[in-house]
Amino acid sequence: MTTDADAQVEWPTHCPVCGTELRSEVIESVVTNDWNEGSPVPVLAQDVCPNPDCPAKAVGPEGAEQV
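Going by the working numbering, the residue at position 32 of the sequence shown is 27; the numbering climbs one at a time, nothing skipped.
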């Protein structure tokens, strides 16, 4: 039996629109009062296209073109 955890996931390494290599950016890092020194800090990161001229950057969050 194969579980979802066993499945191999291929993460994109390049922007599907312009082909530029993606860069990982930290969106949020959460340290709470119960965090122990030396423990890993929960971090939310996202791969983004660093190309300022990428056509994908002209699309807003709802898919509407930004002016």
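Note that CB positions come from ideal geometry on N, CA and C, so glycine has one too.
Pull up the distance between the alpha-carbon of E32 and that of V25, whole angstroms please. 13 Å
Put W6 into one of helix, strand or coil per three-state DSSP. coil
Kindly identify the DSSP beta-bridge partner or partners of V38. S24
When the Cα atoms are used, what is the spatial distance from P50 to L39? 25 Å
Strictly by DSSP, which residues pair up with E16? H9
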